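One structure is given below, encoded as structure tokens.
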Amino acid sequence: TGAMEVDARKGEGGETGCSDRDRLTAELEFVQLLANPQYLNYLAQNKYFSDAAFLNYLEYLKYWQQPKYAKLVIFPQCLFFLEMLQKKEFRDLLINNSFIEWLDHQQ
32 TGAMEVDARK GEGGETGCSD RDRLTAELEF VQLLANPQYL NYLAQNKYFS
82 DAAFLNYLEY LKYWQQPKYA KLVIFPQCLF FLEMLQKKEF RDLLINNSFI
132 EWLDHQQ
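So the mapping is simple: the numbering used here equals the position in the sequence shown, first residue as 1, plus 31.
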């Protein structure tokens with residue numbers, strides 16, 4: 032049984048207004064976007080990394096590093112970037128286009 036089946040419950044989620052399965056799917060899609068250095072640059076340019084609530088969300092998403100969730104991930108480098116995004120020094124570099132180019136070439 033996959034993590035989506037284990038964690039998905041019938042009915043609507045309280046706070047989110049969506050089912051747990053839908054929330055898990057949306058979070059998986061977002062986490063995988065983190066594999067794209069251009070998207071990380073977009074987040075930096077639009078000051079998402081200055082928002083404490085967004086940083087808390089990134090911290091929350093670290094559950095994707097657990098094996099039962101990580102096996103659902105198609106782009107495993109997103110988990111590396113999720114971990115690196117916990118560090119201010121890394122987040123600060125993401126505004127730099129030459130750093131983004133370098134990241135792109137590393138993949």
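By construction, the Cβ of each residue, glycine as well, lies at the ideal position given by its N, Cα and C atoms. Just so you know, these numbers come straight off a predicted model, no measurement behind them.
| request: For W95, collect the residues of the same chain with a Cβ closer than 7 Å to its Cβ; drop the 5 residues on either side in sequence, then sort them by chain order. | output: In the sequence shown, the residue the question calls residue 95 occupies position 64. Once the five neighbours on either side are set aside, the close Cβ partners of W95 are V62, A101, V104, L110, L113.
| Between the Cα of E58 and the Cα atoms of L92, Y73, S50, L124, which residue gives the shortest distance? | Working through the sequence shown from its first residue, we reach residue 58 at position 27. It is L92 whose Cα lies nearest to the Cα of E58.
| request: Take the Cβ of A84 as the centre, count every other Cβ of all protein chains shown within 10 Å, and call the residue buried at 16 or more, exposed below. | output: Here residue 84 refers to the residue found at position 53 when the sequence shown is read from its first residue. The residue in question, A84, is exposed, as its Cβ has fewer than 16 Cβ neighbours within 10 Å.
| Nearest to S129 by alpha carbon, out of Q117, P68, P98? | Here the question's residue 129 lines up with position 98 in the sequence shown. That would be P68, whose Cα lies nearest to the Cα of S129.
| Since L116 contacts L65 with CB under 8 Å, what's their CB separation in whole angstroms? | Locating residue 116 in the sequence shown gives position 85, where the first residue counts as 1. Locating residue 65 in the sequence shown gives position 34, where the first residue counts as 1. Sure, about 7 Å apart at Cβ, within 8 Å.
| said: Please report the distance separating the alpha-carbon of F121 from that of W133. | reply: For the purposes of this step, residue 121 is taken as residue 90 along the sequence shown, with counting starting at 1. For the purposes of this step, residue 133 is taken as residue 102 along the sequence shown, with counting starting at 1. Whole-angstrom Cα-Cα distance: 13 Å.
| task | Output the distance between the C-alpha atoms of S50 and Q138, rounded to the nearest integer angstrom. | result | Here residue 50 corresponds to residue number 19 of the sequence shown, with the count starting at 1. Here residue 138 corresponds to residue number 107 of the sequence shown, with the count starting at 1. The alpha-carbon atoms of S50 and Q138 are separated by roughly 34 Å.
| task | Please state whether DSSP places F106 in a helix, a strand or coil. | result | For the purposes of this step, residue 106 is taken as residue 75 along the sequence shown, with counting starting at 1. Three-state DSSP puts F106 in coil, outside helix and strand.
| field | Y116 - DSSP class collapsed to helix/strand/coil | value | Along the sequence shown, read from residue 1 onward, the residue named residue 116 stands at position 85. Sequence check: residue 116 is Leu here, not Tyr. Looking at L116 - three-state DSSP - the assignment turns out to be coil, as it is neither helix nor strand.
| Roughly how many angstroms separate the alpha carbons of N77 and N87, rounded to a whole number? | Walking along the sequence shown from the start, residue 77 turns up at place 46. Walking along the sequence shown from the start, residue 87 turns up at place 56. Rounded to whole angstroms, N77 to N87 spans 17 Å at the Cα level.
| request: Tell me where the alpha helix (DSSP H) around N128 begins and ends. | output: Reading the sequence shown from its first residue, position 97 is the one you call residue 128. It spans 128-137 - the alpha helix (DSSP H) in which N128 sits, taken as one unbroken run.
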